[in-house]
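Read the structure below first, then the notes.
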Amino acid sequence: MMMGPRLRKLALTTHVVCSVGFVGAVAAFLVLAAVGLTGDDMRTVAAAYIAMELTTWSLIVPLSFAALVTGLVQSLGTPWGLVRHYWVLTKLVLTVFTTIILLLQTSGIGYMAALARTAAAPAPELRGLRSSLVMHAAGGLVVLLMITALSTFKPRGLTRYGWRRLREHKLPPRA
Amino acid sequence: MSDKYPGAPRWAKLTGVIALAMLVLLIVLLVAGIGGPHGPGRHLPGARDTGAAAPREVPAPSK
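So the protein lines, in turn, are chains A and B. Mapping of the first sequence onto numbering that gives the first Met the number 0: position 138 corresponds to residue 137, and the numbering continues sequentially without gaps. Mapping of the second sequence onto numbering that gives the first Met the number 0: position 56 corresponds to residue 55, and the numbering continues sequentially without gaps.
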């Protein structure tokens, strides 16, 4: 079902807000993860891990799903379609991939936050986990910026399905 | 309009090749065991080399 112009603009605005909010929340998470890895003051480090868990569950996870759902609505309710243009398809694959990696990271984030609430300082053997959180947040941010660039540049290119649909619309109806 | 599908654009092919190469590299690393198992629990204490999920209980703080 195609959306009308007003509804389409409302859906686009919602999608942009959710997507850009997702990027901003991951950027804030990256700052906290870097403080957790390199900070000298143990109370600041502990506070960073607790804030990371709060940010993850109150902002990052909801915004990732909101960006995905509003993106699906936006593509299915407009002539862009979901699998007609390579840039839309690429955005979908990257967003799903980012959301899966994010959900896989939540156990480590929760562990560090729980440890920060009980222990005075993070154990030295957890340096691998702390580095991993920084690396995954940085990687996630790069992927999200790529998704944002795809949305604005909209590089040309129809999929085989998109090309067939376009051709069906351009050809005169068969007798 | 031509009857023949013009094919995927260069940027889409390049993106696909890079994604495929990264996937193959990841599979090779996992199969060869280079760098140890990769998973959300690989860095957690108690997970050792199993790549298991995070433990529910947090160890008691050291005094």
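All C-beta atoms, glycine included, are put in the ideal place defined by N, C-alpha and C. Owing to the predicted nature of the structure, the values given are computational and were not obtained by experimental measurement.
Exercise. Name the DSSP beta bridge partners of A/L157, please?
Worked result: DSSP output for A/L157 lists A/H84 as bridge partner(s).
Exercise. Whole-angstrom Cβ separation of A/A136 and A/A32, contact assumed at under 8 Å?
Worked result: About 5 Å separates the two Cβ atoms, so the contact holds.
For this session: Would you identify the three-state DSSP class for A/P61, choosing helix, strand or coil?
Result: helix
Exercise. Taking the Cβ atom as the reference point for each residue, do A/A10 and A/T94 lie within a distance shorter than 8 Å?
Worked result: no
Problem set entry | Min CB distance B/A11 to chain A below 8 Å | yes
Exercise. Going by beta carbon distance, what residues of the same chain come within less than 7 Å of A/L149, once the five residues before and after it are set aside?
Worked result: W86, T89 and K90
For this session: Using a Cβ cut-off of 9 Å, pull out every chain B residue sitting near A/P154, in sequence order please.
Result: P8, W10 and A11
Exercise. Do the segment 99-111 of chain A and the segment 11-23 of chain A meet, that is, are 3 or more Cβ pairs less than 8 Å apart?
Worked result: no
Exercise. Just how far apart, CA to CA, sit A/L125 and B/V16?
Worked result: 35 Å
Exercise. How far does the alpha helix (DSSP H) with A/M41 in it reach, from first residue to last?
Worked result: M41 to T54
For this session: Using a Cβ cut-off of 8 Å (strictly closer), state whether A/Y85 contacts chain B.
Result: True, the Cβ-Cβ gap to chain B drops below 8 Å.
For this session: Along the alpha helix (DSSP H) that carries A/A33, what are the first and last residues, could you check?
Result: P4 to T37
Problem set entry | Under 8 Å between C-beta atoms of A/A112 and A/E52 | yes
Problem set entry | Within 8 Å, strictly: CB atoms of A/G3 and A/G80 | no
For this session: Consult DSSP for B/G6 and reduce its assignment to one of helix, strand or coil.
Result: DSSP places B/G6 in the coil class of the three-state scheme, outside both helix and strand.
For this session: Would you mind giving the Cβ-Cβ distance between B/A11 and A/G156, rounded to the nearest angstrom? I have them listed as a contact below 8 Å.
Result: 5 Å
Problem set entry | For B/D31, the three-state DSSP class (helix, strand or coil) | Residue 31 of chain B is actually Ala in this sequence, not Asp. B/A31 falls in the helix class under three-state DSSP.
Problem set entry | With 16 other Cβ atoms within 10 Å as the buried cut-off, status of A/H168 | A residue is called buried once 16 or more other Cβ atoms fall within 10 Å of its Cβ, and A/H168, having fewer, is exposed.
Exercise. Excluding sequence positions up to five away, which residues of its chain have a Cβ less than 7 Å from the Cβ of B/L24?
Worked result: none
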